Structure formats: C-alpha cells, structure tokens
Amino acid sequence: MSETCRIIALANQKGGVGKTTTAINLGAALAKAGKRVLLVDMDPQGNASTGLGLAAGDRRSTSYDLLLEDAPATAGIHGTQVVGLDIIPATTDLSSADVDLMASKGRSRSLRNRLAELLRDRPDYDYVLIDCPPALNLLTINAMVAAGSIIVPLQSEFFALEGLSQLMLTLREVRASANEALRIEGVVLTMYDRRNNLSQQVEADARGTLGDLVFRTVIPRNVRLSEAPSHAMPVLDYDPACAGSMAYLELAAEVIQREG
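Numbering (UniProt numbering), first residue to last: 1 to 260.
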C-alpha cells in the first residue's frame, strides 16, 4: 500500500444522507486543490459513476471486476471530466458481490489487497475515496478494512444520530478483527438549513456528542447540489460559485488540513 495515499471510506447505512454527493464533490474539490484522486464506486446503484458522466455502457471494467476478477487492478480506472479525478465505476453486477465474496477465503480483505496492488502500479494518487452502499454489508466491511479512515455524512434531520451507534459498533468490530488503525476522519453535516431550528439542534447535538470529530464545514441544502447529478457533473463544475461548491471546497481544505 502506498505510504502517502490516504484511503477514506464514505459510509452511512442510512440512505439519502448525501453520501454519494459528498463522494463526488469532495473528490472534485480535492482534485481542484491539486490532489490526485481515485473514487471507487462500491454502491451497486452506481450513482457516483453516473454523476461523473460515465454511461452504463462505458463502464468497461468495474469495482465488481476489481473485487472478484483476475484482471489487473488498474484495469477499472476511468478518467473523468475533472482533471485529477479518476473513478472505478460500479454497475448493478455489484449487487451479487456479497454472495460471490462469501466463497472467498479472504472475503473481507479483497478490496484492501486489490487497492494495494493498484497503488503499487499507480503510486501517484494522493487520495482514494470509497463510496459505500447504504448498508453495513460485506461491501462496506471491505471498504472499512481497506481504508485508513471513514467520513460519515450525517443528514441534519430528526433521528440523525441514532443510526451512528450501529456504524460505530461495526467500526469497532473491524478494528478488533482486521484493521486496528481504522479511525473516523470526521462527521460532516449535510442538507443543512440555517433557517431551520431542527438543523441547528442536530448540529448542537452532534457537536455536543462527538466534539471535534464533526467537521467545521456544514453542507447546505442547495438546489444546485441537487441539479448537478442530472447534468452528470460535480457541482463545482456545474455552478462553481454556489453555496454547495463553496462548502465542498471548504470541506476539502479541512480534510487536507487533517493529513497526518
């Protein structure tokens, strides 16, 4: 594994929390900050792949192949329209990977081993971001075993903190069994509305409970963030001056600041 590359999984078993939006736009923001980034789409829905402009027919090699085939680990790397940001895309084939991996002796370490191979051949990457599915399944476990840290997107809504307990339990189990160095990079509040008392209460609760684990940056509820995927581009290309773009640039700066 490259000593300089940071591998970060974006994980939350709840759907609709802005996880894929964060994976796409944090990746783009890191690239715009001069970093070389690889996004690994580990969600069978393939939304990160679509959001970066890869039509299903153009995904010649995918994260399923990375996990379960004998092709070179670098075979699945596709360029994107964002300079400095590459992706290993996903298709619905990945939905069967849980079952297929069960037959593998090192089933929880498949992604870790393959990324180590990839980074030996491509040591130029500064970051690998792994977009996990909205489930604590074997794909997410593989991402946690492969990663050095986890970013948890947390929607600014009622019950937001309740789902964290199961994620933390899974993280502790992975630490104990397969990746003792795994840590939480940070929790990022998404879909935040400063005019909404509930958003402010969720922020207060999160910061009171988790302290400095919560990023200073919050991601606002922003119509441009919602529109950008339909144009198959990150919001930073779709509308560089909008509030969503500014927030992800600030989040990338925080992530870079936390290096080391």
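Just so it is clear, CB atoms sit at the ideal spot from N, CA and C, and this is done for glycine as well. Here the structure is a predicted model, which means the values were calculated and not measured.
query                                                                                                         : result
Spatial distance of aspartate 58 from glycine 186 (CA atoms)                                                  : 33 angstroms
C-beta atoms of glutamate 157 and methionine 102 nearer than 9 angstroms                                      : no
Bounding residues of the alpha helix (DSSP H) (the contiguous stretch that carries glutamine 155)             : Note, glutamine 155: premise wrong, no alpha helix (DSSP H); beta strand (DSSP E) at 149-155.
Residue ranges of each alpha helix (DSSP H) within the stretch 25-102, 4 or longer                            : 47-51, 63-68, 97-102
First through last residue of the beta strand (DSSP E) which encompasses threonine 190                        : 183-192
Pairwise C-alpha distance: valine 202 and serine 230                                                          : 29 angstroms
Pair within 9 angstroms by beta-carbon distance, valine 128 and valine 17                                     : no
Contact set for alanine 31: own chain, Cβ-Cβ below 7 angstroms, skip 5 residues either direction              : Val37, Val82, Val83, Gly84, Leu85
Serine 104 versus asparagine 197 - alpha carbon distance                                                      : 49 angstroms
Endpoints, alpha helix (DSSP H) assigned at threonine 217                                                     : Premise fails: threonine 217 lies in the beta strand (DSSP E), 214-220, not in any alpha helix (DSSP H).
Through-space distance from alanine 116 to isoleucine 151, alpha-carbon basis                                 : 21 angstroms
For aspartate 131 and alanine 48, believed in contact at Cβ under 8 angstroms, the rounded distance           : 5 angstroms
Beta-carbon spacing of alanine 247, valine 214 below 9 angstroms                                              : no
Close beta carbons around aspartate 239, own chain, < 7 angstroms, minus the five adjacent residues each side : Arg224, Ser245
Alpha helix (DSSP H) segment containing tyrosine 248, residue limits                                          : 243-257
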